[in-house]
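Asker:
Chains as they are written, first to last, in the UniProt record's numbering: chain A, 1 to 151; chain B, 1 to 91.
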């Protein structure tokens, strides 16, 4: 069985609104059109297709980019090293995040309990903070989508 | 956007004895920090407040947790998914 002719003259968009049964390019402008104009139309169409193809960033295809195995191993080692460094520095820094321990626990334990004023202070502050956070809204100041400079 | 929260925190910081404050969400993300309050400790505060709340699961209000040290204390309280930690000197 012979396949339909596909060469540099065949159209890329073949009868887009048709029923798909046409194997030959259909000239929607009729056969009376001069051949030179057809050529111009063809080149203009190709130009549009090329321009569109170069302007489009196919986001779905980005994930499917294959990574060389050696690159994969290199990156894995690099991330692993960085993670180790981060963990080590984090452990030494973490001493500063919380206050130092108690030298004499019995003194702290024997001290009077937390005063109601302090409890009231933190309770009211927690309510204010929660209220403020709930009322927090993002203000629109500038466009999030920035158009690329397409010539 | 965060001005009301900042205003409350500034008022709190002017309270005698208060040396710092940290606000965090349930995931431990630091929403605000002032004074000696460390941004990096927001996760710990959020976690401690949530763990303490599990001691009394039937309680309608979350507990106030007080971490006491020799010189200062940290008061923790969770309210509607926002944890507030106040650093205070011992009076």
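Glycine included, each C-beta is placed from N, C-alpha and C at the ideal position.
Source: prediction; values computed, not measured.
Just to make sure I have the definition right: I need the residues of chain B whose C-beta is within less than 7 angstroms of the C-beta of residue 128/A. Which are they?
Answerer: As a position in the first chain, residue 128/A is number 128, starting the count at 1. The contacting residues are 8.
Asker: Look at residue 132/A and residue 5/B and say whether their C-beta atoms are less than 8 angstroms apart.
Answerer: The residue labelled residue 132/A in the question sits at position 132 within the first chain. The residue labelled residue 5/B in the question sits at position 5 within the second chain. Yes, they are a contact pair.
Asker: Judging by CA-CA distance, which residue of 8/B, 49/B, 24/B is the nearest neighbour of residue 120/B?
Answerer: Chain B is shown only over 1 to 91; residue 120/B falls outside these bounds and no answer can be derived.
Asker: Return helix, strand or coil for residue 27/B, following the three-state DSSP convention.
Answerer: Residue 27/B sits at position 27 when you count from the first residue of the second chain. Coil at residue 27/B, not helix or strand.
Asker: Reducing DSSP to helix, strand and coil, say where residue 36/B ends up.
Answerer: On the second chain, residue 36/B is found 36 positions in, with the first residue counted as 1. It is coil, neither helix nor strand.
Asker: Note down, in chain order, every chain A residue with its Cβ under 7 angstroms from the Cβ of residue 4/B.
Answerer: Counted from its first residue, the second chain places residue 4/B at position 4. The contacting residues are 132, 135.
Asker: Please report the residue range of the beta strand (DSSP E) in which residue 83/B lies.
Answerer: Taking the first residue of the second chain as 1, we reach residue 83/B at position 83. First-last of the beta strand (DSSP E) with residue 83/B: 82-89.
Asker: What is the residue span of the beta strand (DSSP E) that residue 77/B lies within?
Answerer: Residue numbering aside, residue 77/B sits at position 77 when the second chain is read from its first letter. First-last of the beta strand (DSSP E) with residue 77/B: 72-79.
Asker: Where do the ends of the alpha helix (DSSP H) carrying residue 67/B lie?
Answerer: In the second chain, counting from the first residue as 1, residue 67/B sits at position 67. Unbroken run through residue 67/B is the beta strand (DSSP E), 64-68; no alpha helix (DSSP H).
Asker: Write down the C-beta distance between residue 43/B and residue 21/B rounded to the nearest angstrom, noting that I regard them as a contact closer than 8 angstroms.
Answerer: As a first step, residue 43/B must be located in the second chain, where it is residue number 43. As a first step, residue 21/B must be located in the second chain, where it is residue number 21. The pair is not a contact, with the Cβ atoms about 16 angstroms apart (cut-off 8 angstroms).
Asker: Here's the rule: buried if 16 or more other CB atoms are within 10 angstroms of the residue's CB, otherwise exposed. What is residue 86/A?
Answerer: Taking the first residue of the first chain as position 1, residue 86/A is located at position 86. It counts as exposed.
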